[in-house]
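What follows is a short report on a single structure.
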Amino acid sequence: MAENQLEPVDIVVISIHFVVVLLLGIWSSYKANRSSTAGYFLAGRSMSWWLVGLSLYVTNIGSGSFIGLAGTASASGYAVIAYEFTGLFCLLLLGFVFMPVYISSGISTVPEYLNLRFGGSRLRLFLAVTSIVLTVLSSLSSEMYAGALIIQQTLGWNIYLSVILLLAMTVVYTITGGLTAVIYTDALQAIIMLVGAFILAVIAWVEIGGIDNLYIKYMAAVPKTTAVYGNSSCGIPQENAWHIFRPASDPDYPWPGVLFGITLLSAYYWCTNQILVQRSLAAKNITHSKAGSIMAAYLKLLPMVLMVFPGMVSRALFPDEIACQSAEACEAACSNPAGCSDIAYPKLVLELMPVGIKGLMLAAMLAALMSSLTSIFNSLSSLFALDLWSKYRPDATELELTIVGRVVTVIIAIISILWLPVIQVFGSGELFVYIQSMTSYLSPPMFAVYSMGMFWERTTEPGAFYGLILGAIIGLVRLVLDFVYTTPGCGEFDDRPGIVKNFHYLHFALVLYAITVMLIGGISLMTPPIPSKKLVRLTWWTRNDMSKREPMEPEEEGENTDKSSELQEDETEREKGREEEDKEEDEEEDDDDEENKSIFRKCFNFVCGTTSTKNVPELTEEEKQALLEKMTSIKEEPFWERVNFVNGVICLGIGVFCFGFWG
1 MAENQLEPVD IVVISIHFVV VLLLGIWSSY KANRSSTAGY FLAGRSMSWW
51 LVGLSLYVTN IGSGSFIGLA GTASASGYAV IAYEFTGLFC LLLLGFVFMP
101 VYISSGISTV PEYLNLRFGG SRLRLFLAVT SIVLTVLSSL SSEMYAGALI
151 IQQTLGWNIY LSVILLLAMT VVYTITGGLT AVIYTDALQA IIMLVGAFIL
201 AVIAWVEIGG IDNLYIKYMA AVPKTTAVYG NSSCGIPQEN AWHIFRPASD
251 PDYPWPGVLF GITLLSAYYW CTNQILVQRS LAAKNITHSK AGSIMAAYLK
301 LLPMVLMVFP GMVSRALFPD EIACQSAEAC EAACSNPAGC SDIAYPKLVL
351 ELMPVGIKGL MLAAMLAALM SSLTSIFNSL SSLFALDLWS KYRPDATELE
401 LTIVGRVVTV IIAIISILWL PVIQVFGSGE LFVYIQSMTS YLSPPMFAVY
451 SMGMFWERTT EPGAFYGLIL GAIIGLVRLV LDFVYTTPGC GEFDDRPGIV
501 KNFHYLHFAL VLYAITVMLI GGISLMTPPI PSKKLVRLTW WTRNDMSKRE
551 PMEPEEEGEN TDKSSELQED ETEREKGREE EDKEEDEEED DDDEENKSIF
601 RKCFNFVCGT TSTKNVPELT EEEKQALLEK MTSIKEEPFW ERVNFVNGVI
651 CLGIGVFCFG FWG
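Going by full-length UniProt numbering, the first residue of the sequence shown is number 1, and it counts up by one from there.
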């Protein structure tokens, strides 16, 4: 089907996109400082606000959003936009509340904050491992599923070959350029994605005839195979499809869950997720970090027009395919007997886009996929190298850590390929329902630890750790119950226990967060408090304290207390090593065989980032201290501070208006 609808011009456009992205990735790899952890994992903390903003946005709006937002909107209306609107608020929370603490603490990864805040290593290790597993099973899985679906429905290529090609391209500039290459390519991908999505949105609106006609046609978009069970029917749009806030008993979007539950999950996602926080940590300073969050928050207003409404348009135009109800009809429409709502957006692309522009739109969707994959690769490699590998090899140099990060990137890419058959087997979408449940049941305890540690100085390490463990156990119990008692299909008798049937996962997330907070608070009050001198620049209340922070434990002094200072000390060691390497290389250049080895060595050095360390001057102690103060400073120029504040207030007001208007 798909291969007959793409013209040579479309293939050329897609090919040009791939070539441009690859060239940009290679160019930014040359530009990047790739030999240090700050350079490789945090882009040297040199990114401008607009690059941070575009990267935040496109990292979140991956191919899964094109598939998920449009597909969910086609099935149940635009209430799914609540995730985007709450994301707007939580981006402001990230920029104005969480980032000042993260920057002043001098961290490189989010779990590292817990190591500094509470001492010990079990919290950091537990959350690092949990974050890696959840990211692989949720973000990586959903992006691979969406990418495979796009390729299958539009290009008609072999899925394995296509995925390997995409992964190979993303891995090349991710392992060579680190976060610098990722952010630069993110910016390009964001522009391509927005242009393509705007074009399709305009064409879709013209085709449907505006919002009034969309309402009429959507409510009449009933498939011919609609099944009727007693007094209810499957496949008929409901009136509440045009509301965000629905009755508390609504099975999809109960208003307490939308208002509070989604906000809680969004706060965890935006404010404590390594993939997103890493972009803000790469900003030049706190001003650029805030401005990047504000820009991304403004962009969060666009999915309503670019993805949600087009999904509803797709159902209105193609009800028999998008809203199919019988297994036979769905199998014929999209080769998926469980449902075809996921093809809502690709269907619009294939049916409405003109030649050439269709290729641009497909390039945009693949751009979103590649952007998300690079973000996942870089963030997971930083978690592994900085939080896990450095724990078991505390004397590892920065060069070793960056090489480990590159190796982990390749391993994750291989896991992605091996995971594809599982995705195809569970193509019904049930796997991803469970994955969302997994996030909902496990993330509230994790966010409780971060929020309590940041805003309540009395929180102790035993309280945070045991509260997290007990909260995670409660969440796992509910997760197991969801696996055992699956949601029945339309018209089937629901014999699940009341705790599963009547306790919506968004409501459960709220209760779980409250329970975890009480556990953390209770255990903390029963254990000795942490001295205030050890909390300098580690809480919201001490973020501006520039006095010297005492280490949590005597043996940890000099370790993880001042990350940037540690990085510069490693720079001194590398400088000595480089002098010895240069002498050896000069001796090797005497004969042709050694010259050939040198060429191979240069290629190896480029991939591993060792070439960019040459001619780097050694810093004095005064320069190191000045760099430390600069990297952990949250001081702002008064004018730009006011500009950010005013824009934040305006963005907040627009978000409240959107909730009220569409609610």
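Built from N, CA and C at the ideal position, the CB exists for glycine as well.
Between W49 and H243, the C-beta gap is not smaller than 8 Å, which leaves the two residues out of contact. Within the model, the alpha-carbon separation for I523 versus P462 is close to 7 Å. Proximity to L301 across T86, T632, T527 peaks at T86, based on C-alpha coordinates.
By the criterion of a C-beta distance shorter than 7 Å, F465 is surrounded in its chain by R122, L123, once the five residues flanking it on both sides are discounted. Inter-segment contact for the stretch 478-485 and the stretch 127-146 is absent: fewer than three beta-carbon pairs are separated by less than 8 Å. Cβ-Cβ distances below 6 Å link A79 to I244, Y253 in the same chain, with the five nearest sequence neighbours on each side left out; the list follows chain order.
About 5 Å separates the beta carbons of C271 and F98, which is inside the 8 Å limit, making them a contact pair. About 6 Å separates the CB atoms of V305 and A201; that is less than 8 Å, so the two are in contact.
Contact annotation: A367 and M193 have beta-carbon atoms nearer than 8 Å. For N644, the enclosing alpha helix (DSSP H) starts and ends at 638-662. The DSSP assignment places complete alpha helix (DSSP H) segments of no fewer than 4 residues inside the stretch 232-303 at 262-272, 274-281, 286-299, in order along the chain. The stretch 277-296 and the stretch 639-649 touch, with three or more beta-carbon pairs separated by less than 8 Å.
Remark: C-beta atoms of A344 and S65 do not approach each other more closely than 8 Å. Annotation: T59 to E641 spans about 26 Å, alpha carbon to alpha carbon. Collapsing the DSSP output to three states places M552 in coil. V52 is a Cβ neighbour of A283, given a cutoff of 8 Å. With respect to the 8 Å criterion, I415 and V136 are classified as neighbours on the basis of their beta carbons.
For R122, the enclosing alpha helix (DSSP H) covers residues 122-134. Approximately 41 Å separates the beta-carbon atoms of I376 and I216; this is outside 8 Å, ruling out the contact. A distance of 8 Å or more separates the beta carbons of S371 and T154. The closest CA to that of G71, considering only V313, R117, Y102, is found on V313. When DSSP states are grouped into helix, strand and coil, M361 belongs to the helix group. DSSP, reduced to helix, strand and coil, places M353 outside both helices and strands of the structure shown, so it counts as coil. M546 carries a coil assignment under DSSP once its states are collapsed to helix, strand and coil.
CA-to-CA, the gap between G359 and G156 works out to about 13 Å. One thing to note: F455 has its Cβ within 8 Å of the Cβ of W540. Shown here, M193 sits in a helix according to DSSP, grouped into three states. Beta-bridge analysis with DSSP links M47 to A283.
Comparing C-alpha distances from T632 to each of R537, F659, F661 shows the shortest one belongs to R537.
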